[in-house]
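*Asks:* Take this structure, written in structure tokens, and hold onto it; I'll ask about it next.
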């Protein structure tokens with residue numbers, strides 16, 4: 002099985018002056034193999050967001066290296082890494098262009114990384130595809146292909162972000178607490194869509210979640226971050242034996258910072 006992502010001694014620290022150094026990622030070593038769906042748990046300040054930002058290139062590592070498909074991309078810009086990665090953020094307003102319609106957003110995603118021109122004719126050619134994938138969401142998104150994305154509900158917009166991120170198969174899909182801003186019903190609906198898109202696309206995925214039940218139910222591997230280090234890395238069989246109480250014990254004092262929903 003090929004390795005899609007590898008971090009070697011990934012370290013991020015901030016010098017606050019007066020010889021004070023805050024370590025956010027502490028020599029993290031991590032391999033993600035093709036087809037793995039890895040859920041990531043950790044309390045506030047554990048380093049989850051910094052881990053994702055380091056992978057995406059929005060934060061530069063202080064030390065260490067990062068590889069995609071065995072190619073060292075540590076020095077690559079965020080824009081260059083975007084050809085390998087897709088990311089869905091916590092905020093439904095991120096990841097879509099609000100003044101463009103649903104169909105126009107999907108067309109941009111369909112031609113990600115290609116030379117393209119945005120033309121109505123091309124949208125009409127892809128309309129059947131867009132209607133089909135939007136109808137699979139289950140929230141009426143297929144009825145809003147000509148609606149500006151800024152006019153959608155939070156749940157519809159987040160579902161659109163997920164469709165855009167998975168429309169063309171990325172090397173790695175990053176889900177950055179993508180259900181956190183949604184109500185429980187909408188969150189559950191989006192997670193079902195997420196599982197469907199990951200399975201059907203045979204995607205390699207890293208998902209940060211603050212919902213322990215989602216961490217237990219979804220994915221085939223679980224890692225737990227604490228103080229910038231991976232303190233648990235559980236495979237599918239180990240993960241299936243876990244209970245909510247087991248996860249709470251991992252965190253001790255930090256457990257209260259993670260909601261159980």
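Numbering (my numbering), first residue to last: 2 to 262. Backbone N, C-alpha and C fix where the C-beta goes; we use that ideal spot for every residue, glycine too.
#1: Quick one: any contact between the segment 129-139 and the segment 77-96, if contact means 3 or more CB pairs under 8 Å?
#2: In whole angstroms, what separates the C-alpha of residue 145 from that of residue 64?
#3: Taking the DSSP output, what are the residues bridged to residue 206?
#4: Considering only C-alpha positions, which residue in the set 155, 176 and 140 is nearest to residue 204?
#5: When the Cα of residue 230 is compared with those of 251, 221 and 244, which residue comes out closest?
#6: Quick check: what's the CA-CA separation for residue 59 versus residue 27?
#7: What first and last residue would you give for the alpha helix (DSSP H) that runs through residue 156?
#8: Measuring only the C-alpha atoms, how far is residue 22 from residue 16?
#9: Which residues does DSSP pair with residue 231 in a beta bridge?
#10: Which class does residue 218 belong to by DSSP, given the choice of helix, strand or coil?
#11: Quick one: give me the first and last residue of the alpha helix (DSSP H) that residue 80 is part of.
#12: Between the alpha carbons of residue 160 and residue 241, how many angstroms are there, rounded?
#13: Residue 169 and residue 113 look like a contact to me (Cβ under 8 Å); what is the Cβ gap, rounded to whole Å?
#14: Please report the straight-line C-alpha distance between residue 11 and residue 30, rounded to a whole angstrom.
#15: Drop a sphere of 10 angstroms on the beta-carbon of residue 188, count the other beta-carbons inside from all chains shown, and report buried for 16 or more, exposed for fewer.
#16: Using the rule of at least 16 other Cβ atoms within 10 Å of the residue's Cβ for burial, across every protein chain shown, is residue 19 buried or exposed?
#17: Please determine, among 43, 68, 125 and 38, the residue with the shortest C-alpha to C-alpha distance to residue 233.
#18: Tell me the DSSP secondary structure of residue 128 in three-state form.
#19: Start and end of the alpha helix (DSSP H) containing residue 106?
#20: Just how far apart, CA to CA, sit residue 208 and residue 244?
#21: Enumerate in chain order the residues of its own chain whose CB-to-CB distance from residue 120 is below 6 Å, with the five nearest sequence positions on each side excluded.
#22: Could you compute how far the alpha carbon of residue 111 sits from the alpha carbon of residue 171?
#23: Among 86, 61 and 173, which has the Cα closest to the Cα of residue 76?
#24: Alpha carbon to alpha carbon, what distance is there between residue 158 and residue 147?
#25: Measuring straight from C-alpha to C-alpha, what distance separates residue 164 and residue 89?
#26: Go ahead and label residue 140 buried or exposed: buried means 16 or more other beta carbons lie within 10 angstroms of its beta carbon, across all protein chains shown.
#27: Start and end of the alpha helix (DSSP H) containing residue 237?
*Replies:* If we stick to the structure as given:
#1: By the C-beta criterion, the segment 129-139 is judged not to be in contact with the segment 77-96, since fewer than 3 inter-stretch pairs fall below 8 Å.
#2: Sequence index remark: in the chain shown, residue 145 carries index 144 (1-based). Sequence index remark: in the chain shown, residue 64 carries index 63 (1-based). Their backbone Cα atoms lie some 46 Å apart in a straight line.
#3: Position 205 of the chain shown, counting from 1, holds the residue named residue 206. Looking at the DSSP assignment, residue 206 forms a beta bridge with 38 and 174.
#4: Here residue 204 corresponds to residue number 203 of the chain shown, with the count starting at 1. Checked all of 155, 176 and 140; the closest Cα to residue 204 is 176.
#5: To locate residue 230, count along the chain shown from 1; it is residue 229. Among 251, 221 and 244, the Cα nearest to that of residue 230 belongs to 251.
#6: In the chain shown, residue 59 corresponds to position 58, counting from 1. In the chain shown, residue 27 corresponds to position 26, counting from 1. One Cα belongs to residue 59, the other to residue 27, and the distance between them is close to 18 Å.
#7: On the chain shown, position 155 is the one that residue 156 refers to. Unbroken alpha helix (DSSP H) run through residue 156: 155-167.
#8: Walking along the chain shown from the start, residue 22 turns up at place 21. Walking along the chain shown from the start, residue 16 turns up at place 15. It is roughly 4 Å from the alpha-carbon of residue 22 to the alpha-carbon of residue 16.
#9: Within the chain shown, residue 231 is the residue found at index 230, counting from 1. DSSP output for residue 231 lists 226 as bridge partner(s).
#10: If you number the chain shown from 1, residue 218 lands on position 217. Here residue 218 carries a helix assignment [DSSP, helix/strand/coil].
#11: Position 79 of the chain shown, counted from the start, is the residue given in the question as residue 80. That run of the alpha helix (DSSP H) goes 79-82.
#12: In the chain shown, counting from the first residue as 1, residue 160 sits at position 159. In the chain shown, counting from the first residue as 1, residue 241 sits at position 240. Rounded to the nearest angstrom, the two C-alpha atoms are 27 Å apart.
#13: Numbered from 1 along the chain shown, position 168 holds the residue referred to as residue 169. Numbered from 1 along the chain shown, position 112 holds the residue referred to as residue 113. In this structure residue 169 touches residue 113 by the C-beta definition: roughly 6 Å separates them, less than 8 Å.
#14: For the purposes of this step, residue 11 is taken as the residue at position 10 of the chain shown. For the purposes of this step, residue 30 is taken as the residue at position 29 of the chain shown. Residue 11 and residue 30: Cα-Cα distance of roughly 7 Å.
#15: Position 187 of the chain shown, counting from 1, holds the residue named residue 188. Burial call: buried.
#16: Taking the first residue of the chain shown as position 1, residue 19 is located at position 18. It is exposed - the Cβ of residue 19 has fewer than 16 other Cβ atoms within 10 Å.
#17: As a first step, residue 233 is located in the chain shown; it is residue number 232 there, counting from the start. Distance from the Cα of residue 233 is smallest, within the candidate group 43, 68, 125 and 38, for 43.
#18: Your numbering for residue 128 matches position 127 in the chain shown. In the three-state reduction of the DSSP assignment, residue 128 falls in the helix class, which pools H, G and I.
#19: Counting from 1 along the chain shown, the entry for residue 106 is found at position 105. 103-111 is the span of the alpha helix (DSSP H), which, as asked, contains residue 106.
#20: If you number the chain shown from 1, residue 208 lands on position 207. If you number the chain shown from 1, residue 244 lands on position 243. A straight-line Cα-Cα distance of about 19 Å links residue 208 and residue 244.
#21: One-based indexing of the chain shown puts residue 120 at position 119. Unreliable placement is indicated for residue 120, whose pLDDT of 49 sits below 50; the coordinate value is still reported in the next sentence. In its chain, beyond the 5 residues on either side, no residue has a beta carbon closer than 6 Å to the beta carbon of residue 120.
#22: Locating residue 111 in the chain shown gives position 110, where the first residue counts as 1. Locating residue 171 in the chain shown gives position 170, where the first residue counts as 1. Rounded to the nearest whole angstrom, the C-alpha separation of residue 111 and residue 171 is 12 Å.
#23: Residue mapping note: residue 76 aligns to position 75 of the chain shown, counting from 1. When each option's Cα is compared against that of residue 76, the closest is 61.
#24: As a position in the chain shown, residue 147 is number 146, starting the count at 1. As a position in the chain shown, residue 158 is number 157, starting the count at 1. Cα to Cα, the separation comes out at about 14 Å.
#25: The sequence position of residue 164 within the chain shown is 163, counting from 1. The sequence position of residue 89 within the chain shown is 88, counting from 1. Rounded to the nearest angstrom, the two C-alpha atoms are 10 Å apart.
#26: Walking along the chain shown from the start, residue 140 turns up at place 139. Residue 140 should be labelled buried.
#27: For the purposes of this step, residue 237 is taken as the residue at position 236 of the chain shown. Where residue 237 is concerned, the enclosing alpha helix (DSSP H) stretches over 237-241.
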